[in-house]
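Visitor: Would you mind keeping the following structure in view while I ask a few things?
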Amino acid sequence: MEVHHAAVLITAAKDYAPEIIEQWAPMPVSAGAISRFNANAENEVRFVAEVDGEVVGFAAIVPSNEELRACYVSPKAAGKGVGKALVVELERAAKQEGLAILRLNSSLTAHPFYEAMGYQTESRGEHVLGSGQRMSCIHMTKKLTR
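Read in order, the letters of the sequence shown are residues 17 to 162 in this note's numbering.
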């Protein structure tokens, strides 16, 4: 969760208003949020990236929704291939789950990254955060090749 918070608070802050950032990465992390994460009710397939024993990236898919749910990289590891490696692993896992497509709601910040990874822009929209707050996003898809 530290990687998520750092990525949102530092990297995405240039693209979103402070009230969005506060709801997207609330501090401190509540016990309920940790419990929900650990329960993994939607059966996310999750990966972490580590450098010298330190977590520098986190990513997840929800196979039942064909959804790339998350890909966050620590600001100090940004631009070093961590995000790309995580997405490649997510796509490999998605194929193993029998998926032919992945969908995602990209932040404005991550949109160029996902385009570079071969994801196509479908439309602009809003993503509803856990608090009910709405944030601008870009709906994207990628057909997975076998």
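Built from N, CA and C at the ideal position, the CB exists for glycine as well.
Identify, in the order they occur along the chain, each residue of the same chain with its Cβ nearer than 6 Å to the Cβ of Ile36, setting aside the five sequence neighbours on each side.
Guide: So the qualifying residues of the chain are Met151.
Visitor: Take Glu18 as the anchor and find which of Ala65, Glu105 and Ala33 has the nearest alpha-carbon.
Guide: Of the listed residues, the one whose Cα sits closest to Glu18 is Ala65.
Visitor: Mind listing, in chain order, the continuous alpha helix (DSSP H) runs of no fewer than 4 residues lying wholly within the region 81-135?
Guide: The region 81-135 contains these whole alpha helix (DSSP H) runs: 98-112 and 127-132.
Visitor: Using DSSP's beta-bridge definition, name the partner residues of Met17.
Guide: In the DSSP output, where bridge partners are listed per residue, Met17 has none listed.
Visitor: Which residues does DSSP pair with Lys197 in a beta bridge?
Guide: Residue 197 lies beyond the stretch modelled for the chain, which goes from 17 to 162, so this question has no answer here.
Visitor: How would you call Glu107, buried or exposed, if buried means at least 16 neighbouring beta carbons within 10 angstroms?
Guide: Looking at its Cβ environment, which holds 16 or more other Cβ atoms inside 10 Å, Glu107 is buried.
Visitor: Measuring CB atoms only, is the region 143-159 touching the region 110-124, in the sense that at least three cross pairs come out at less than 8 Å?
Guide: The answer is yes - the region 110-124 touches the region 143-159, with three or more Cβ pairs under 8 Å.
Visitor: My output table needs one value for Glu66: the three-state DSSP class, helix, strand or coil.
Guide: If DSSP states are grouped into helix, strand and coil, Glu66 belongs with the strands.
Visitor: Are there 16 or more other CB atoms within 10 angstroms of the CB of Ser80, so buried, or fewer, so exposed?
Guide: Exposed, by the Cβ-count rule.
Visitor: Which residue wins for smallest C-alpha separation from Asn56, given the options Ala33, Val24 and Arg85?
Guide: For the residues Ala33, Val24 and Arg85, the minimum Cα distance to Asn56 belongs to Arg85.
Visitor: Can you look up Ser147 in the DSSP assignment and give me helix, strand or coil?
Guide: The answer is coil: DSSP assigns Ser147 none of H, G, I, E or B.
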